[in-house]
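Comments concern the structure below.
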Amino acid sequence: ELAGLLVREIGKPVAWAEAEVDRLALTFEFAADLLSAPSGTVHPLDLDPRGDGHVGRVERFPIGPLLAIVPYNWPFNLAAHKLAPAFAAGNPVILKPARQAALSTLTLAELVLEAGPVEGALQAVACPPDVAERAATDLRVGMVSFTGSPAVGWRLKELAARKRVSLELGGDAAAVVMDDADLDWAVRRIVAGGYGYAGQVCIAVQRVLATRCVYEELRERLIRATRNCPFGDPARWETVCGPLIDETSARKVEEWIQEAVDGGARLLCGGRREGATVEPTLLEGVPPGCRLAQEEVFGPVLTLRPVEDADEAIRAVNASRYGIHVGVFTRDLAIAERFFREAEVGGVVVGDYPTLRFDNMPYGGVKQSGFGREGVAYAYEEMTELKALVVRAL
2 ELAGLLVREI GKPVAWAEAE VDRLALTFEF AADLLSAPSG TVHPLDLDPR GDGHVGRVER
62 FPIGPLLAIV PYNWPFNLAA HKLAPAFAAG NPVILKPARQ AALSTLTLAE LVLEAGPVEG
122 ALQAVACPPD VAERAATDLR VGMVSFTGSP AVGWRLKELA ARKRVSLELG GDAAAVVMDD
182 ADLDWAVRRI VAGGYGYAGQ VCIAVQRVLA TRCVYEELRE RLIRATRNCP FGDPARWETV
242 CGPLIDETSA RKVEEWIQEA VDGGARLLCG GRREGATVEP TLLEGVPPGC RLAQEEVFGP
302 VLTLRPVEDA DEAIRAVNAS RYGIHVGVFT RDLAIAERFF REAEVGGVVV GDYPTLRFDN
362 MPYGGVKQSG FGREGVAYAY EEMTELKALV VRAL
C-alpha cells in the first residue's frame, strides 16, 4: 500500500518504491537500537594532578524542537532519517513535507502518531515556504534539518545562522571505471545509478570517468545498455526510468541536453522527451562551460569522459563544486585507498556505484553539497548537545 502511494504520487518505479518502504522500517530499527546503548561515557581525570579524587562523565541531551524539511524524491525514508534519530534523542519534530509528495509524508506522519509517541512529539504541517522560513528563525526551534536544493538550503542557513543547521543538498556524482574493472558489473550499476528513478537522487550517477584503456569498450556497452533501459510506466516492475516529478522538470533536463549538444557534445543515444518522461540519455564530449558539466541535472542523463589514470580521475572528481559520493570500479586496493584519502567527497564506494547508501553509515556532503551528517547514529549526534559532569569524591 505504501509503495503504491509512491508510484501514484511521485511516479517512483515500483521496484524502487518497495525498496524505499523496506528502508523506512530499517531506519526506525536503527534508531531503536540507540535506546539500548549506554547513555554516557565516564572519563578518568587522574592524569591531571587537579583531577585527584574527581570523576568525569559526558552525556548527550536533546537539542530541542527540530524543524525537519524533506524533499519529494524520498518522502518516506528521508523523513525517517530525521524523525527516527530525533525521537531517539528526545526531540519533538515539526515535519514539513514537499508539496509534490505531501500525501506520502503526511501518511507516514499519521502512522507514526498511530504508534503512540509522547504527546507533542510530532507535528506535520504542509505549509508554504515562507511559513517554513519563519519557523526556521523561531527561537524555540533548536535545529533545522533540511534535505533539498542548494539554493533553498543555503538560504535557510543564512536565516538560521545562530542555530544548528544540517544541510543535505545536491550532487553530480561520478562513477570512475579503472583499467581492472569488471565492465559487465560496472555498466549494470552505472545504468541503474544514472537512470534509475529518472536520476532524481542526489547521489545519482551523472558523470562517468573511464581510463582510456577501457573507454571505447565501456562506451559501446553503455550505448547498448542505455538503449535497452526500460523506461516509462512506473507501475511496471521492469521499469527503471520513470517520469520526472513534473513536465517543467523534464523540460529543464531537455534544455540542458540541447545546450550541451549545441556546445559540441555528442549525443550517443536518448535525449527525447514526452511529457514528464525523458529517455535515458548518454553524452560524451560535454563542454566544461555548460550546465550539464557544472550543475546537478536531477534527470536521467549520463556524461562520459576519458581520463588517463587515477590522478586525473581524482582531479576531475575534485573539480566539481559538489561532493557527496564517488563510486570507483577497481580491484586495486591501493587505488581505492587513494580515492578515500584524496577525493573531496563525503563517501567513497569501491566496486559499486555512488548511488549506494546504507542507512546506518554516515551520509552527507562537502563543498556545495552541504554539511552535517545523516545516518541514524550520526544524525543523533547532530541532534544532541554534549554536557559534562565533574564530581569530586564525596
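With this note's numbering, the residue at position 313 of the sequence shown is 314, and numbering never jumps.
Built from N, CA and C at the ideal position, the CB exists for glycine as well.
On a predicted model such as this, the values are computed, not experimentally measured, just so you know.
Spatial neighbours of P14 in its chain, beta-carbon cut-off 7 Å, leaving aside the 5 residues before and after
In the sequence shown, the residue the question calls residue 14 occupies position 13. Counting only Cβ-Cβ distances below 7 Å, and skipping sequence neighbours, we find Y198, P235, T240, V241, G243.
How would you write the range of the alpha helix (DSSP H) that P86 sits in, first residue to last?
For the purposes of this step, residue 86 is taken as residue 85 along the sequence shown, with counting starting at 1. 78-90 is the span of the alpha helix (DSSP H), which, as asked, contains P86.
Contact the segment 313-322 vs the segment 36-53: 3+ CB pairs below 8 Å
no
On a CA-only basis, which of E280, G276, G264 is nearest R292? Give me that one, please.
In the sequence shown, residue 292 corresponds to position 291, counting from 1. Ranking E280, G276, G264 by Cα distance to R292 puts G264 first.
Just reading off the alpha helix (DSSP H) that R24 is part of, what are its end residues?
In the sequence shown, the residue the question calls residue 24 occupies position 23. First-last of the alpha helix (DSSP H) with R24: 15-35.
P307 to L223, Cα distance in whole Å?
Taking the first residue of the sequence shown as 1, we reach residue 307 at position 306. Taking the first residue of the sequence shown as 1, we reach residue 223 at position 222. Cα to Cα, the separation comes out at about 14 Å.
Leaving out the 5 sequence neighbours to the left and right, which residues in its chain are closer than 6 Å to V349 when beta-carbon positions are compared?
If you number the sequence shown from 1, residue 349 lands on position 348. Sequence-distant partners of V349 (beyond 5 residues in either direction) whose C-beta falls short of 6 Å from its own C-beta, in its chain, are V327, F340, F341.
Taking 8 Å as the threshold, find out whether the segment 37-48 comes into contact with the segment 91-103 through three or more Cβ pairs.
No contact exists between the segment 37-48 and the segment 91-103.
Given that a residue counts as buried once 16 or more other Cβ atoms are within 10 Å of its Cβ, and exposed if not, what is S321?
Reading the sequence shown from its first residue, position 320 is the one you call residue 321. The residue is buried, with at least 16 neighbouring Cβ atoms inside 10 Å.
Runs of alpha helix (DSSP H) wholly within the segment 108-156 (minimum 4 residues, chain order)
130-138
Write down the C-beta distance between L67 and N92 rounded to the nearest angstrom, noting that I regard them as a contact closer than 8 Å.
Residue 67 sits at position 66 when you count from the first residue of the sequence shown. Residue 92 sits at position 91 when you count from the first residue of the sequence shown. The pair is a contact, with the Cβ atoms about 5 Å apart (cut-off 8 Å).
Find out if the Cβ-Cβ distance for the pair G365, I325 is shorter than 9 Å.
Here residue 365 is taken as the residue at index 364 of the sequence shown, counted from 1. Here residue 325 is taken as the residue at index 324 of the sequence shown, counted from 1. Against a cut-off of 9 Å, the Cβ pair of I325 and G365 comes out as a contact.
State the Cα-Cα distance for the pair P363 and E383, rounded to the nearest angstrom.
Numbered from 1 along the sequence shown, position 362 holds the residue referred to as residue 363. Numbered from 1 along the sequence shown, position 382 holds the residue referred to as residue 383. About 11 Å.
Can you grab the Cα-Cα spacing for the pair E375 / V145, in whole Å?
Residue numbering aside, residue 375 sits at position 374 when the sequence shown is read from its first letter. Residue numbering aside, residue 145 sits at position 144 when the sequence shown is read from its first letter. Those two C-alpha atoms are separated by around 13 Å.
If I'm right that T28 touches D360 with Cβ under 8 Å, what's the distance once you round it to whole angstroms?
Taking the first residue of the sequence shown as 1, we reach residue 28 at position 27. Taking the first residue of the sequence shown as 1, we reach residue 360 at position 359. With 8 Å as the limit, T28 and D360 qualify as a contact, their Cβ atoms being about 5 Å apart.
Can you check DSSP and say which residues form a bridge with S167?
The residue you call residue 167 lines up with position 166 of the sequence shown. DSSP, once it has assigned bridges, lists S146 as partnering S167.
In whole angstroms, what is the alpha-carbon distance linking I95 and V392?
Reading the sequence shown from its first residue, position 94 is the one you call residue 95. Reading the sequence shown from its first residue, position 391 is the one you call residue 392. I95 and V392: Cα-Cα distance of roughly 37 Å.
If we count the other Cβ atoms within 10 Å of its Cβ and call it buried at 16 or more, is R225 buried or exposed?
Your numbering for residue 225 matches position 224 in the sequence shown. Burial check for R225: the Cβ neighbour count within 10 Å stays below 16, so the residue is exposed.
I'd like the span of the beta strand (DSSP E) that includes A41, first residue to last.
As a first step, residue 41 must be located in the sequence shown, where it is residue number 40. The displayed chain sequence assigns Gly, not Ala, to residue 41. Under the DSSP assignment, G41 falls in the beta strand (DSSP E) whose first and last residues are 41-45.
Residues bridged to P289 [DSSP beta-bridge criterion]
To locate residue 289, count along the sequence shown from 1; it is residue 288. In the DSSP output, where bridge partners are listed per residue, P289 has none listed.
Which ranges would you report for the beta strand (DSSP E) in the segment 227-291 if only whole runs of at least 3 residues count?
Listed in chain order, the beta strand (DSSP E) elements of length 3 or more contained wholly in the segment 227-291 are 267-270, 282-285.
Just mark V346 as buried or exposed, buried being the case when its beta carbon has 16 or more other beta carbons within 10 Å.
For the purposes of this step, residue 346 is taken as the residue at position 345 of the sequence shown. With 16 or more other Cβ atoms from the protein chains shown falling within 10 Å of its own Cβ, V346 counts as buried.
Taking just the CA atoms, how far does A125 sit from P281?
Position 280 of the sequence shown, counted from the start, is the residue given in the question as residue 281. Position 124 of the sequence shown, counted from the start, is the residue given in the question as residue 125. About 36 Å.
If we ignore side chains and look at the alpha-carbon of each, how far apart do V59 and L390 end up?
Here the question's residue 59 lines up with position 58 in the sequence shown. Here the question's residue 390 lines up with position 389 in the sequence shown. C-alpha separation (whole angstroms): 6 Å.
Which residue from P86, L46, A90, A110 puts its Cα closest to that of P76?
Working through the sequence shown from its first residue, we reach residue 76 at position 75. Comparing Cα positions, the closest option is A110.
Report yes or no: do three or more beta-carbon pairs, one from the segment 169-178 and one from the segment 202-221, lie closer than 8 Å?
yes
In the DSSP assignment, the alpha helix (DSSP H) including G194 goes from what residue to what residue?
The residue you call residue 194 lines up with position 193 of the sequence shown. Element bounds for G194: 184-196.
Enclosing beta strand (DSSP E) for G348 [first to last residue]
Within the sequence shown, residue 348 is the residue found at index 347, counting from 1. It spans 348-351 - the beta strand (DSSP E) in which G348 sits, taken as one unbroken run.
As assigned by DSSP and simplified to three states, the class of R322
Here residue 322 refers to the residue found at position 321 of the sequence shown. R322: coil per DSSP, three-state reduction.
Taking 7 Å as the limit between beta carbons, can you name the residues of its chain near C230, skipping five residues before and five after?
Here the question's residue 230 lines up with position 229 in the sequence shown. Cβ within range, chain order: V192, Y196, V241, C242, P281.
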